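Engineer:
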Amino acid sequence: MDLHLLIDNLSNPALLFFFLGVIAVQLKSDLKIPENSSKFISLYLLLAIGFKGGQELAHSEFSLEILWSLLFGIFLAVAVPVYAYFILRRKFSVENAGAIAASYGSVSAVTFVTAISFLELEQIAFSGHMVAVMALMEAPSIMIGLLLIMLFKGGKEKTNIPMKNVLQHALFNGSVLLILGSLVIGFLASEAQAEGIKPFTTDIFKGFLAVFLLDMGITSGKKLNEFVKKGKFALVFAIIVPIVNGCIVAFSTGSFITGTGNRLLFAILAASASYIAVPAAMKIAVPKASPSLYIPMALAITFPFNITLGMPLYLYIIQNTF
Amino acid sequence: MREAINNSLKRLKEKPSTLEEVILVIIYFIFLSLSISNNNLFLKELTLCGLIILFALMGAQAKNKY
C-alpha cells in the first residue's frame, strides 16, 4: 500500500471528522447533529453526486464499456448476497443471514461518495456512468436476500413477505429515486445552466461531506458498543468480506474496465454494505431479522474499514496489476 | 508536519525494503490470524487475496526497477 495514499486518506478532514464522532461517543459527549439536518445533508450529497454524474455522462460518448459496467454491477449485486448467505447460515438464522447478505450485496452511497472525494484528492479521473451503476446495485440484492429467505424458510414458519411493498421500496426508495433523478437532470441540463448551480453542487460538497461523516462517526460509535457484545463471527465477517470482495474486484476488473478511477469505484461498491436502504426494506419485509446485527456490521465495522485501509489497498492493487 | 512525514517517507523509499511493503504484510497477517482463530473462516478467499496482493507487490517492485 502506498503510504502517501494512506496518509493523504487518513489526513482527509472528512475522515478525521468521522473519527471525531467516534471519539465523542467514547467520551460520552453530548455532541450530535440534529436529525433533520443529517437527513438534509444525506439528500444533498445524493443530489450533488447524481447531478455531477449526469453532467459527466453528458460529456462522454456511449460505449460498450458503459453497458459492461452496468451488467457487471448487477452481477455483483446478485452474486455477493448468494455466497454471503451460505457462509452466514453457519451461525445465523435464515432471516438474519438473508438480511446481512442483502446488506453486503447492496451498496453504501456514503462510502461511494467518500471514494469519489478520495479520487478527487488523488486527481484520478472516473466516469459519470459509475453513479448509475451504484444506483442500479441497490435493488437487486434486496430482492435476492428476500428470495433466499423465502426459499430456505420452509415448514410451518413459512414467511409471508409483502413483496409488493418491498419491490416498491427497493426500486423507488428516496435515495435511489433522488440519485437517479439527479443523474437524469444533470444529463439533460446544459453546461451553462449547470454552471449556475455549481457553487451548490460542487463548491460546498466537501464541507457537507465532513459534517455528514461526523454524524456517521457518532452513529457508528454508538452501534460499535452494542455490536461488541454480539460475538466474534459477525466481527470477522464484517472485516474480511470487504477485503475479499474489494481485492478480487480490484484485480479482476483490469481485463474489461478501463480507467483506474472506475476500477476503484467498482472495488469499493463490491466491498461496501448498505446501512440505509436495506435496513429500511428489511424492517418491512423481515421483522424477525435483527437490525442490531446487520446495521452495526455495515456501519460500525465495514464502512470505517473501507474508508481508511480499504481504498488505499484497492488502489494499490489496481495500480500495480494489469 | 505532513511535509516532514512525506519527506521522511521518500527517504525510506530509497531503502531496499520499503515500509509500505512491511505494513501491507503485517495487515494481511492480522486478517489471516483473525480468520484462523475463527475456524478458518474465509481462509481460501483470504489466500486468494494474499496471492493478488503478492502479485501487486511484485508489480510495484518491477515498476521501481525500471
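Just so you know, the protein sequences line up as chains A and B, in that order.
Those letters in the first sequence? Residues -17 to 304, by the working numbering.
Those letters in the second sequence? Residues 42 to 107, by the working numbering.
Glycine included, each C-beta is placed from N, C-alpha and C at the ideal position.
A quick note: this is a predicted structure, and the numbers were derived from the prediction, not measured.
Find the nearest neighbour of L246 (chain A) within the set A:A271, A:V210, A:T96, A:L28, judged by alpha-carbon distance.
Structural biologist: A:T96
Engineer: How big is the Cα-Cα spacing for F248 (chain A) and T59 (chain B)?
Structural biologist: 28 angstroms
Engineer: Per DSSP, what kind of secondary structure is F44 (chain A) in: helix, strand or coil?
Structural biologist: coil
Engineer: So, with DSSP's three-state summary, where would you put T59 (chain B)?
Structural biologist: Here T59 (chain B) sits in coil by DSSP.
Engineer: For the candidate residues A:S90, A:F190, A:E43, whose alpha-carbon lies nearest to that of M119 (chain A)?
Structural biologist: A:S90
Engineer: Compute the beta-carbon to beta-carbon distance between V210 (chain A) and Y86 (chain A), rounded to the nearest angstrom, for a pair I have assumed lies under 8 angstroms.
Structural biologist: The pair is not a contact, with the Cβ atoms about 20 angstroms apart (cut-off 8 angstroms).
Engineer: Hey, could you find the ends of the alpha helix (DSSP H) M306 (chain A) is sitting in?
Structural biologist: Residue 306 (chain A) cannot be examined here, being either before or after the span of chain A that is shown, -17 to 304.
Engineer: Give the single residue among A:I289, A:P273, A:L2, A:I230 whose Cα lies nearest to the Cα of A83 (chain A).
Structural biologist: A:P273
Engineer: To the nearest angstrom, how far is it from the Cα of A280 (chain A) to the Cα of G228 (chain A)?
Structural biologist: 15 angstroms
Engineer: Note down, in chain order, every chain A residue with its Cβ under 8 angstroms from the Cβ of S74 (chain B).
Structural biologist: Chain A residues near S74 (chain B): none, gap ~11 angstroms exceeds 8 angstroms.
Engineer: Distance, Cα to Cα, K188 (chain A) vs K135 (chain A)?
Structural biologist: 45 angstroms
Engineer: Count the other CB atoms, across all protein chains shown, that sit within 10 Å of the CB of E86 (chain B); report buried if there are 16 or more and exposed otherwise.
Structural biologist: buried
Engineer: Thinking just about the alpha-carbon of each residue, which of A:E17, A:N(-6), A:L(-8), A:I(-11) is nearest to the one in D197 (chain A)?
Structural biologist: Cα-wise, what sits closest to D197 (chain A) is A:E17.
Engineer: Can you check whether the C-beta of I222 (chain A) is within less than 8 angstroms of a C-beta belonging to chain B?
Structural biologist: yes
Engineer: Hey, is N79 (chain B)'s beta-carbon within less than 8 angstroms of any beta-carbon in chain A?
Structural biologist: For N79 (chain B), at least one C-beta of chain A is nearer than 8 angstroms to its own C-beta.
Engineer: Using 8 angstroms as the limit for Cβ to Cβ distance, is I68 (chain B) near chain A?
Structural biologist: yes
Engineer: Which value, in whole angstroms, describes the spacing of the CA atoms of A252 (chain A) and S99 (chain A)?
Structural biologist: 18 angstroms
Engineer: Under a Cβ-count criterion, where at least 16 other Cβ atoms within 10 Å of its own Cβ denotes burial, should V63 (chain B) be classed as buried or exposed?
Structural biologist: exposed
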